[in-house]
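Please read the structure below before turning to the comments.
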């Protein structure tokens, strides 16, 4: 149920984002979604790609320091209050969210969110128990391909 | 010509300056007599020095001529560290009236000692330094060198009093008050690091004080290297004459050499500090005029004599007569060093100290580079550290934490504030040979 997310260190200056994306594009790897977190000095590019192991390899070969993290994709109702309800569940279970970002495609009346939990396994168990839908890798791919 | 020698209130140069004008033969007699005495003192009392002499089959009686100094072993900074704290003292502690200390290569300070007589020599050479810079009785000297373990503050203080000038012992920092006192006291001379004075000029302008309209006429600058471009800027912006002085704690502190009104090299007070220039690779002595590493021998210090101390500073000796009339030799201004030490805000820094801090935090040594810049006259040091897989995290907070721990570790070892920037892997240029760890941009556009 967990997804593999790649993270890259970037300096926060113009043009730095292009280089790793180009490296991935050249390897023919499609990016499913990405998020960029930044401070005044540096940024972290987080990527979810189809072939994460290949992407990690080409990025490392090109000299990037790549971190592999397990994240969880959850779909919530794409209407006002949809996210708040999901968050209330997580909060109620005492699950600590390190960060989150939205997936770029919608799935019918649902939006897909990517969560980075301290303990992804426990988070998945809680989410399933509360009746929320956790999107796994194959499902995600089918959504994107559809 | 000679104006600074004849502008004392009584109309003559200060008696302390007399040795500056010794005829060469008389100077050499003094030097040889003192050299033989200091070699005996060190041989009899300093185990390290005696052992090195014995290895070479030498005794104090081996010194017949000044040139015989070339047979003697060198002393290096590591010797001070290895014998920390008191191993190179030649007199019992009961004869030591003062201890000073400066930063060493591994965070352990270098300790230096003075007998009462040594403090007298120090006062004399600093009085001669200030006289060289045109100071005399009646001058008001604001001493912005730091007072404390650093030799700059107290060295300049004693010298100014010996000369008969009025000292304002303000020490470093507190810039607004520095400017207020320069103005209100009618200060005529000021000593500090050149970078701090550049900052004072700018701060004064912000406060609406034009340094050029004040009585201040001489700046006595030392403790860090500076360029002729910086001198031009200081002299024009403050309406003063800016003098370069030279010294190091291991030898005595400030007071080893000083520029005179000619500003064409620094006169070495060679009746107390015997200079040699050597090839830093082979250790062979080089003739006057040739560039090499400056080696100094203290001829009159008692508590901690230094025999052939390798300063790592690169310069050359000038034996041609100086237009000021002094007969003692000069050395060219120090532009570079033979090791990778640099000086920032008066603090000696070795890249190895930065490495030790990085290693302590990360466990392995990341690729790094030290960037020195000058911002509004103040030296800034930024360490750029490449992110390694070991410290990289997908969490901003974790990276900020690494950055803060690295900065704190370096600041702890150096005792000064540094900037720390995490940079992308392989973004710092690789060198074929010795890594270029320090990029000094302080003099760009100065």
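Residue numbers (UniProt numbering), protein chains in the order written: chain A, 1 to 146; chain B, 1 to 446.
Cβ atoms here follow ideal geometry from the backbone N, Cα and C, with glycine treated the same way.
Tell me which residue opens and which closes the alpha helix (DSSP H) that residue i is part of.
| i | result |
| --- | --- |
| residue 53/B | 47-55 |
| residue 57/A | 52-61 |
| residue 120/B | 116-132 |
| residue 351/B | 351-362 |
| residue 179/B | 175-185 |
| residue 127/A | 120-129 |
| residue 91/B | Here residue 91/B belongs to no alpha helix (DSSP H), and DSSP marks it neither H nor E. |
| residue 6/A | It is not in any alpha helix (DSSP H) - residue 6/A instead sits in the beta strand (DSSP E) that spans 3-11. |
| residue 79/B | 77-82 |
| residue 420/B | From DSSP, residue 420/B is part of no alpha helix (DSSP H) but of the beta strand (DSSP E) over 419-423. |
| residue 199/B | 194-206 |
| residue 398/B | 396-414 |
If contacts are defined as beta-carbon pairs under 8 Å, then residue i and residue j qualify, I think. What distance do you get, rounded to the angstrom?
| i | j | result |
| --- | --- | --- |
| residue 140/A | residue 73/A | 6 Å |
| residue 35/B | residue 299/B | 6 Å |
| residue 337/B | residue 314/B | 6 Å |
| residue 70/A | residue 4/A | 7 Å |
Taking Cβ positions only, does residue i come closer than 8 Å to chain B?
| i | result |
| --- | --- |
| residue 18/A | no |
| residue 44/A | yes |
| residue 107/A | no |
| residue 35/A | no |
| residue 10/A | yes |
| residue 39/A | yes |
| residue 79/A | no |
| residue 98/A | yes |
| residue 116/A | yes |
| residue 7/A | yes |
With a threshold of 8 Å between beta-carbons, can residue i be considered close to chain A, or not?
| i | result |
| --- | --- |
| residue 38/B | no |
| residue 105/B | With a pLDDT of 47 at residue 105/B, under the threshold of 50, the modelled position of this residue cannot be trusted, and the question is left open. |
Excluding sequence positions up to five away, which residues of its chain have a Cβ less than 6 Å from the Cβ of residue i?
| i | result |
| --- | --- |
| residue 2/B | Here the model assigns residue 2/B a pLDDT of 42, short of 50, so the residue's position is not dependable and the matter cannot be decided. |
| residue 5/B | Note that residue 5/B has pLDDT 45, beneath the 50 cutoff, so the model's placement of it is unreliable and no number is given. |
| residue 143/B | 156, 157, 167, 169 and 191 |
| residue 51/A | 29 |
| residue 343/B | 224 |
| residue 141/B | 160, 165, 167 and 189 |
| residue 367/B | 386 and 428 |
| residue 136/A | 1 |
| residue 292/B | 277, 278, 279 and 286 |
| residue 359/B | 365 |
| residue 388/B | 366 |
| residue 139/B | 165, 188 and 189 |
| residue 116/B | 97 |
| residue 52/B | 73 |
| residue 94/B | none |
Ignore the nearest five residues each way along the sequence and tell me which others in residue i's own chain have a CB closer than 7 Å to its CB.
| i | result |
| --- | --- |
| residue 369/B | 384, 428, 437 and 439 |
| residue 49/B | 42, 43 and 307 |
| residue 200/B | 175, 178 and 179 |
| residue 20/A | 8, 45, 59 and 64 |
| residue 393/B | 399 |
| residue 13/A | none |
| residue 204/B | 179 and 211 |
Any Cβ of chain C within less than 8 Å of the Cβ of residue i?
| i | result |
| --- | --- |
| residue 88/A | No chain C is present in this structure, whose protein chains are A and B. |
Taking residue i as part of the beta strand (DSSP E), name the residues at either end of that continuous run.
| i | result |
| --- | --- |
| residue 382/B | 378-386 |
| residue 110/A | 110-117 |
| residue 273/B | 273-278 |
| residue 46/A | 42-49 |
| residue 136/B | Counting along the chain, residue 136/B falls outside any beta strand (DSSP E), and DSSP gives it neither H nor E. |
| residue 302/B | From DSSP, residue 302/B is part of no beta strand (DSSP E); its letter is neither H nor E. |
| residue 241/B | 241-248 |
| residue 267/B | 266-268 |
| residue 37/A | 31-38 |
| residue 158/B | Unbroken run through residue 158/B is the alpha helix (DSSP H), 151-163; no beta strand (DSSP E). |
| residue 312/B | 309-315 |
| residue 133/A | 133-135 |
| residue 218/B | 218-221 |
| residue 75/A | 66-77 |
Taking only beta carbons into account, state which residues of the region 387-402 of chain B come closer than 8 Å to chain A, listed in chain order.
387, 388, 389, 392, 393, 394, 395, 396, 399 and 400
Using Cβ-Cβ distances below 8 Å, what residues of the region 413-431 of chain B are close to chain A?
Those residues of the region 413-431 of chain B that come within reach of chain A (Cβ to Cβ, closer than 8 Å) are 421, 422, 423, 424, 425, 426 and 427.
Pull out every residue of the region 46-73 of chain A whose Cβ sits closer than 7 Å to any Cβ of chain B, in chain order.
46, 63, 64, 65, 67 and 69
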